[in-house]
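A quick write-up on the structure given underneath.
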Amino acid sequence: MCLYWGGEVMYGNLRYISEAPNLRPIELTPATNNAAHDAVFSCKFTHRLRFTANVFAAGNDTLSEILSEQSGHCSNVAVFVDANVARSRVNLADEIGNYFKRYLPEKSPKVLIIPGGEQIKNTELDFKRILDDLEQSRLCRKSFVIAVGGGAVLDAVGFAASITHRGLRLIRIATTTLSQADSAMAVKNGINAFGKKNYMGVFAAPWAIINDEATLETLTTDHWLAGFSEAIKVALLKDPLLFEYIHRNCDRVRSRNLKIAIPIIRRSGRLHFDHITQNGDPFERQDARPLDFGHWSAHKLEQMSGFELSHGQAVAIGIAIDATYANFMGWLCDANHQRILECLNRIGFRLYHRVMRQANTLLGGLDEFQEHLGGRLTIPSISRIGETFDIFEIDTNQMLAAISYLKRFHEWGKNDDKTDS
Ligand SMILES: NC(=O)c1ccc[n+]([C@@H]2O[C@H](COP(=O)([O-])OP(=O)(O)OC[C@H]3O[C@@H](n4cnc5c(N)ncnc54)[C@H](O)[C@@H]3O)[C@@H](O)[C@H]2O)c1
Ligand SMILES: [Zn+2]
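The sequence shown maps to residues 49 to 469 in my numbering.
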């Protein structure tokens, strides 16, 4: 042990004259001893969520309010737009340019159009291009990266932004039902790698999330439906009244009645948002993933179908599998089981896909799920609508029976699956 006092350090019989003579005396631990020092610390984050329509229109100050507070500190802004969003709104790049001229004339962001959909998470070259674009935009760490698109674009751009300068400020402008109802609220960013879904990525909270509800009108039927599987999932876990509302309005959701559909997406978004900010485990340090009902199989189904099944469609099947398993295990009553399948089916989800014939491969999703999360296998299940509990092991025979039940459900003609050819 040695003492450090008034600029002189005695270490054994060596005297060392410090250049910082006013330091307080401290104890120095001899380098030969093991040492440990633990401290708990926490950081505050602000999660910002805005609902709007036509975010880049003149007169809409949702984005400019978020940016203007901090824009003096940032060197530049980069905007990445999902190619299918750009295609559905021909003048979008000009609109964005004009928006910045009007509200933040000192910034003239480059608008970069990037491929939309799962492809952006599957292709190394596309990801590298985002990193190149970020580098060429000469952004400092206080700069904003704005990602406009579906969940896949938000995930990939978010990941690139979070590893550039160790983290730029990300603004997610969500343009699909699924991203608005769920994924944009998350603090996860990532891409697929080694044939595994979301294998590479980071937890990094976005600076802000903006749901642009006007964008939903141009979605294809499948992508329109996708977000409602996440809304049904979170309703089954947390909000029986939301489930009632969706169940009562299945046909109107299917026919894209925005007056009915938007409140469902908003409520689902809020439930996911509140989960991040209030559940106490936003960075998923614990074993449980309370919102991942139906997800162990959904991720595997996406991969097994070569991403023919979108995340939302796969989640609908995953919910059907987990609800059927809960029923077969005696946890969920027949009436609620049938209501869940009926709701998914009437909204327009197909609850069976031909890859489910390889049921044992599908069960491999359990191991991958556990490996991805770490710790003990922990899967949320339900005993009633709105009542959830965790399960830690799976009865393989009952799970195989649940998967095969959905094939019969499909064959009974309740499910019009044209993909099972
Ligand atoms: N980060 C998370 O916590 C989290 C959570 C859930 C899901 N996800 C991820 O989100 C992704 C799925 O997101 P998604 O369902 O939004 O699908 P998506 O991003 O694949 O988008 C679906 C399709 O719609 C197009 N599109 C997007 N907006 C459009 C618009 N307004 N008009 C017309 N076309 C439009 C896209 O280009 C794409 O072709 C998956 O990769 C999933 O893993 C991430
Ligand atoms: Zn999901």
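Every residue, glycine too, gets a C-beta built ideally from N, C-alpha and C.
The residues Leu182, in chain order, have a CB closer than 6 Å to that of Thr212 in the same chain once the five nearest residues on each side in sequence are set aside. With a minimum length of 4 residues, the unbroken runs of alpha helix (DSSP H) contained wholly in the segment 371 to 416 fall at 382 to 395. The alpha-carbon separation between Ile313 and Asn82 amounts to approximately 54 Å. Rounded to whole angstroms, Ala407 and Leu421 show a C-alpha spacing of 22 Å.
Two segments are said to touch when three or more pairs of C-beta atoms, one from each, lie closer than 8 Å; by this definition the segment 202 to 216 touches the segment 236 to 254. Asp322 is positioned such that its CB atom lies no closer than 8 Å to that of Gly342. Between the segment 276 to 291 and the segment 434 to 452 there are three or more C-beta pairs closer than 8 Å, enough to call the two in contact.
About 37 Å separates the beta carbon of Phe397 from that of Leu216, a gap too long to meet the 8 Å contact definition. The closest heavy atom of ligand 1 lies less than 7 Å from the beta carbon of Glu166. The beta carbons of Ile221 and Ile194 sit closer together than 8 Å. Between the segment 261 to 272 and the segment 222 to 234, the count of C-beta pairs closer than 8 Å reaches three or more; the two stretches touch. For Arg220, the enclosing beta strand (DSSP E) starts and ends at 217 to 222. Taking 3 residues as the minimum length, the beta strand (DSSP E) runs contained wholly in the segment 76 to 133 are 97 to 100, 125 to 130, in order along the chain. Excluding five sequence positions before and after Asp287, the CB atoms of its chain that fall closer than 8 Å to its own CB belong to Arg315, Leu319, Gly434, given in chain order. In the structure shown, the three-state DSSP call for Leu349 is helix. By alpha-carbon distance to Ile144, the top candidate from Asp109, Ser123, Val201 is Asp109. Between the alpha carbons of Ser277 and Ala79 lies a distance of about 58 Å. The beta carbon of Phe440 sits closer than 7 Å to the beta carbons of Arg424, Leu425, Thr426 from its chain, once the five residues preceding and following it are set aside; these are given in chain order. Near ligand 2, residues with a Cβ at less than 6 Å from any of the ligand's heavy atoms are Asp230, Glu278, His343, His359, Val363; the list follows chain order. When the five nearest sequence neighbours on each side are left out, the beta carbons in the same chain lying within less than 6 Å of the beta carbon of Lys190 are those of His121, Cys122, in order along the chain.
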